[in-house]
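To start, the structure under review is shown below, and the notes come after it.
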Amino acid sequence: MQMKRLGHVAVCVEDVSKAVQFYQNLGMKVVWQDSDWAYLKAGNDGLALMSPDYDQAGPHFGFVFNDRADIDTAYEKLKADGVKVGKIHDHRDGTASFYGRDPFGNWFEYLYEPDDLFDQESSKEEAGTVAAQTA
111 MQMKRLGHVA VCVEDVSKAV QFYQNLGMKV VWQDSDWAYL KAGNDGLALM SPDYDQAGPH
171 FGFVFNDRAD IDTAYEKLKA DGVKVGKIHD HRDGTASFYG RDPFGNWFEY LYEPDDLFDQ
231 ESSKEEAGTV AAQTA
């Protein structure tokens, strides 16, 4: 089991749209945006912006793994070590994750992220840009 990197930080914001605009102006790109949360990237680094109404997660930091099996291994190891963890979720975008708390009460997420996840998003974005330019 090997952790790839620290992948993202998730913070609460009062106004998701306003926060997205602010971070876009700093140079980040929107990967996903909904009414109650958004996800932005700069290179390999991610920022999740969550409204106070978002109930799927709270402020946390996320560690990325290369292999889906590593999530299961890490989950079982943390449970065996007495760390409080939630259940594993397989997400519709091909990722899988679970949340836990460190000994100081901070939330963390262990996340499997397929290597080509954001390459696919970039390809879709580039295809849309090319289509718009040729229309």
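Take my numbering: the final residue in the sequence shown is number 245, and no numbers are missing along the way.
All residues carry an ideal CB built from backbone N, CA and C; glycine is no exception.
Keep in mind the model is a prediction, meaning the values are calculated, not measured.
| field | Given W147 as reference, the closest of Y164, G117, F132 and K114 once Cα atoms are compared | value | Y164
| said: Measuring CB atoms only, is the segment 123-141 touching the segment 174-181, in the sense that at least three cross pairs come out at less than 8 Å? | reply: no
| said: Please give the ranges of any alpha helix (DSSP H) in the segment 193-218, keeping only runs that are unbroken, at least 4 residues long and fully inside the region. | reply: none
| Spatially closest choice to M160 from K151, R211, L188 and S127, by CA coordinates | S127
| request: On a CA-only basis, which of N154, W217 and D125 is nearest G168? Give me that one, please. | output: W217
| query | If L157 sits next to V119, beta carbons under 8 Å apart, how far is it from one beta carbon to the other, in whole angstroms? | reply | 6 Å
| According to the Cβ coordinates, are F173 and L221 closer than 8 Å? | yes
| said: Can you determine whether any heavy atom of the ligand NAD sits closer than 7 Å to the C-beta of I198, and answer yes or no? | reply: Inclusion of the ligand NAD in the displayed structure is not the case, the ligand content being empty and no account of it being possible.
| Nearest CA to the CA of V193: which residue from D212, D200, H201 and Q166? | D212
| request: Return the chain-ordered ranges of every alpha helix (DSSP H) run that is complete within the segment 127-178 and spans a minimum of 4 residues. | output: none
| task | Go ahead and label V121 buried or exposed: buried means 16 or more other beta carbons lie within 10 angstroms of its beta carbon, across all protein chains shown. | result | exposed
| said: Give me the DSSP bridge partner(s) of A120. | reply: A158 and H170
| query | L116: which of S207, N154, H199 and I198 sits nearest, CA to CA? | reply | N154
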